Amino acid sequence: MTDDMSPAERYALAKRRAAEQATALASFREMYDFELDPFQIDACEALEAGKGVLVAAPTGSGKTIVGEFAVHLALREGRKCFYTTPIKALSNQKYNDLVKRYGAEKVGLLTGDNSVNSDAPVLVMTTEVLRNMLYAGSQALNGLGHVVMDEVHYLSDRFRGAVWEEVIIHLPESVTLVSLSATVSNAEEFGDWLDTVRGDTEVIVSEHRPVPLWQHVLAGRRMYDLFEEKTGPDGTPVTGRREVNPDLVRLARMENSRPFGRDRRRGKMLREADRERERRQRSRIWTPSRVEVIERLDAEGLLPAITFIFSRAGCESAVQQCLYAGLRLNDDEARARVRSIVEERTAALPDEDLHVLGYFEWLEGLERGIAAHHAGMLPTFKEVVEELFVKGLVKAVFATETLALGINMPARSVVLEKLVKWNGEQHADITPGEYTQLTGRAGRRGIDVEGHAVVLWQRAMDPGALAGLAGTRTYPLRSSFKPSYNMAVNLVSQFGRHRSRELLETSFAQFQADRSVVGISRQVQKNEEGLAGYREAITCHLGDFDEYARLRRELKERETELAKQGAAQRRAAAAAALEKLKPGDVIHVPTGKFAGLALVLDPGLPGRADRSRGYDYEGPRPLVLTAERQVKRLAALDFPVPVEPLERMRIPRTFNPRSPQSRRDLASALRTKAGHIVPERHRKGRSAAVDDAEISRLRTAIRAHPCHGCDEREDHARWAERYHRLQRDTRQLERRIEGRTNTIARTFDRICALLTDLDYLRNDEVTEQGRRLARLYGELDLLASECLREGVWDGLAPAELAACASALVYEARMSDDAVAPKLPSGEAKAALGEMVRIWGRLDALEEAHRINQAEGVGQREPDLGFAWAAYRWASGHGLDEVLREIEMPAGDFVRWTKQLIDVLGQIAAAAPHGSPVARNARKAVDGLLRGVVAYSSVG
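Rendered as structure tokens:
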């Protein structure tokens, strides 16, 4: 091809190739034995050009390559790169990946639990660690060139999402940000915000899955395809034309219309033929057991598989069911490799704890190629499961949805048992975003030709709804950002209140709130244009027609008000007259269907029993006999004017309103008694408007106004009325805009007002108490600070302090108010009670300042449920004894203990230097950091 080029063209091509070879991207590509995808190349080129990037791509598409290129760039330029992740397990995994590529001397790890090589140029950390470093002004930020935020869509998380926004807003301008996200439907909106707060940001969206995903439903013995691919006349598939498999639709219709119970026509049980057909249908349709599912997938070559079960107990139960069924997915060689790896990885675990940790049952499952994976497991166990699964030595994993959060565990197949999960408050359908995240694990790049997502058949399943979940590949990113007390004092300390307020208004939460009013703002603009046109149409050469229209409007409103008052008075008078009626009164019903002569049989007043039951009384409803022999219950609407008795009659005791003869006789007597009486016509009273001084004043002012004599007065008046209506509508829209804008800043103002009341802030000055609060992070930061200020923990021993501090971090998965938690006695119990009392005072103060906990701002009530476990473990008791007393999974115990160690470290740093609380907090950390808690597979 170069032979056909001119010398100038060959020179230009050679020059271009030389330039490409000199780029960082060229040397980076040589590090991989596969070609990069177009979206990866585009993102890397943007990074090398000095731009920030937002990469939104499906799970498993390789977007972390872009993050690794940021690491490569930083090292090439002699600068630092921080790689942040939402969870510690993902940090550990990414640390190991980068160590393999760049060596242990260049890569460090910082999580709440571990600090490995913290001075390295490449640091992997959880997002909270970076947030704390930014607020503390850490020296580690010097020389920082790039920050990678993996799983940045986590900022939607309502508990921790705010941390991502804090980092993005507060990173120095010189830092280039790399944001890696799952496919979200508003990536451009998020990119626009990043462009606003971080500068030039390239948005790169890839919808392409490197491994195609096939969707199935497993019902009974048959695996149905969820979609039916449409083909053209030549038999080739038509892209974009996917319809729900008609076989599935028929199956659902047959299942859901299945007759139950009795045959209504005959009043007998279903005929024998119907029952036989029912049995045949049931023999074809059922929800397969967990063992059946794994055996079916194994037979069809669809292992390894991850089965998502939205319950920890369900995951453990599934493993047990497979073991009891004798399921074996590994041969002898694989079993030996599993045992070797497990023994090596768990060698540091204390032998005396192995039994309580369920080690031997766990190992048996692993040797057979079966495992569970959930947050209640020991971190070491989870990491071993992940390693064995990636190596193909575990082929069936039963996991909760936490596995879907970035952990590198791709499978050939993913199974969803149900499409409903517990969201912390109720059982709810999984969202399209959650479905995409879960099924995104199916299909291993470079290994599988295709991935498979299998949903198990459930009664009342709607294939159309499932297709909607599977077909909606994206979901919107929604900010969960809310200011906190710690955030407020840190911001004011660095920037002052005014600048802090401006910074918070740059949050993605405020950006989205402002975007939500764009449509309303456009309508306001249109309305204002319309108002300008109307204003021109009501211009009168004789005077100010706007003023004249206002007088007319005020007159109309006053007349309407008086008319309403008059109507209300007439209704009240009519009701009062009805309440005076007695049985035997002859009345004249003034209006309605039964107008005319009538005899009152019952005045329709509520009795004493009705009132005691909260009877909703709407006025008297008399029961009457009309002259036409009808017995009817009348309403207040039939009496627009007061009614007076015309005569009285005796009602025979033998009168039966249901007897036509009784009605006829009494109606005849009624006509005889009062048929000749002509009722007095009700005279309308003098209108209140006649004597109203305000109406007289307005009418005089209208007649005296210059515009009253205008020939086009009524035309102007019609335009003025339209102007007034449009102006009223516009003001309502403006109030809606005002309610949605500046919401974050208003919350910040309320938080600052409360902190000022408590002497943490004095205008732009952060007090000594405020500087202490700045070192306390977490949901109960203000409570912890108040406890330090009031000396609640001063006289406590280390184990007692651990018990009290646990209330700041622990939160039960399900609240159990019926059972009071077991507490240590003595000083610790008194201190815990004092903490609850202080929280009550803060709660009342938050209510006074309109700080709403329901919106995620403020202090939740401290949970004392972990106090006893923390006390016992810090006192040196064994793991078996502690876990047996609190009935908590080992993984949960370790996780809460590590969070407790973190908050004790904060208390030690925040308490006065050398104080008993600071010393005892460090001693408590030493007492807690032992055994399985101290053991970590990293570092």
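Take any residue in the sequence shown, note its place counting from 1, add 1143, and you have its number in my numbering. Where is the CB? At the ideal position from N, CA and C, for every residue including glycine. Only a predicted model underlies this, so the values are computations on that prediction, with no experimental measurement involved.
Quick check on residue i: does DSSP put it in helix, strand or coil?
i	result
Met-1630	helix
Gly-1251	strand
Asp-2069	helix
Met-1366	strand
Lys-1723	coil
Phe-1541	strand
Cys-1224	strand
Asp-1745	strand
Val-1354	coil
Cys-1683	strand
Glu-1790	strand
Thr-1270	helix
Arg-1776	strand
Asp-1390	helix
Asn-2063	helix
Ala-1151	helix
Met-1292	strand
Spell out whether any CB of chain C is found under 8 Å from the CB atom of residue i.
i	result
Gly-1288	Protein chain content of the structure displayed is limited to a single chain, and chain C is not contained in it.
What first and last residue would you give for the beta strand (DSSP E) that runs through residue i?
i	result
Ser-1650	Here Ser-1650 belongs to no beta strand (DSSP E), and DSSP marks it neither H nor E.
Ala-1515	1513-1516
Asp-1728	1728-1732
Thr-1344	1344-1348
Met-1552	Per DSSP, Met-1552 belongs to no beta strand (DSSP E) and is neither H nor E.
Thr-1319	1319-1324
Met-1978	Segment 1970-1991 is the alpha helix (DSSP H) holding Met-1978; no beta strand (DSSP E) there.
Val-1821	Careful: Val-1821 lies outside any beta strand (DSSP E) and carries neither H nor E.
Considering only the beta carbon of each residue, do residue i and residue j sit closer than 8 Å?
i	j	result
Ala-1456	Arg-1433	no
Ser-2058	Ala-1942	no
Ala-2033	Leu-2043	no
Leu-2071	Ala-1945	yes
Ala-2083	Arg-1555	Nothing can be reported for residue 2083, as the shown portion of the chain is limited to 1144 through 2082.
His-1296	Leu-1620	yes
Thr-1319	Gly-1195	yes
Leu-1536	Ala-1477	yes
Ala-1770	Ala-1718	no
Val-2060	Leu-1931	yes
Leu-1742	Val-1729	yes
Asn-1629	Ala-2053	no
Glu-1526	Leu-1581	no
Leu-1470	Leu-1337	no
Within 10 Å of its beta-carbon, does residue i have 16 or more other beta-carbons around it, so buried, or fewer, so exposed?
i	result
Glu-1672	exposed
Ser-1261	exposed
Val-2147	The structure shown has nothing for residue 2147, since the chain only spans 1144 to 2082.
Ala-1192	exposed
Val-1909	buried
Val-1354	buried
Leu-1780	exposed
Arg-1584	buried
Asp-2069	exposed
Tyr-1953	buried
Thr-1254	buried
Asp-1293	buried
Pro-1803	exposed
Gln-1358	buried
Arg-2038	buried
Within the continuous alpha helix (DSSP H) that includes residue i, where are the two ends?
i	result
Thr-1769	Element bounds for Thr-1769: not the alpha helix (DSSP H) but the beta strand (DSSP E), 1766-1769.
Ala-2051	2033-2053
Arg-1932	1924-1932
Gly-1913	1911-1916
Just the C-alpha distance for residue i and residue j, rounded to the nearest angstrom, thanks.
i	j	result
Ala-1514	Phe-1541	6 Å
Gly-1410	Ile-1428	Confidence in Gly-1410 is poor, its pLDDT being 42 and thus under 50, which makes the residue's placement too unreliable to answer from.
Ile-1880	Asp-1657	8 Å
Arg-2065	Glu-1178	51 Å
Ala-1362	Leu-1612	19 Å
Thr-1886	Ala-1232	35 Å
Ala-1896	Gly-1508	57 Å
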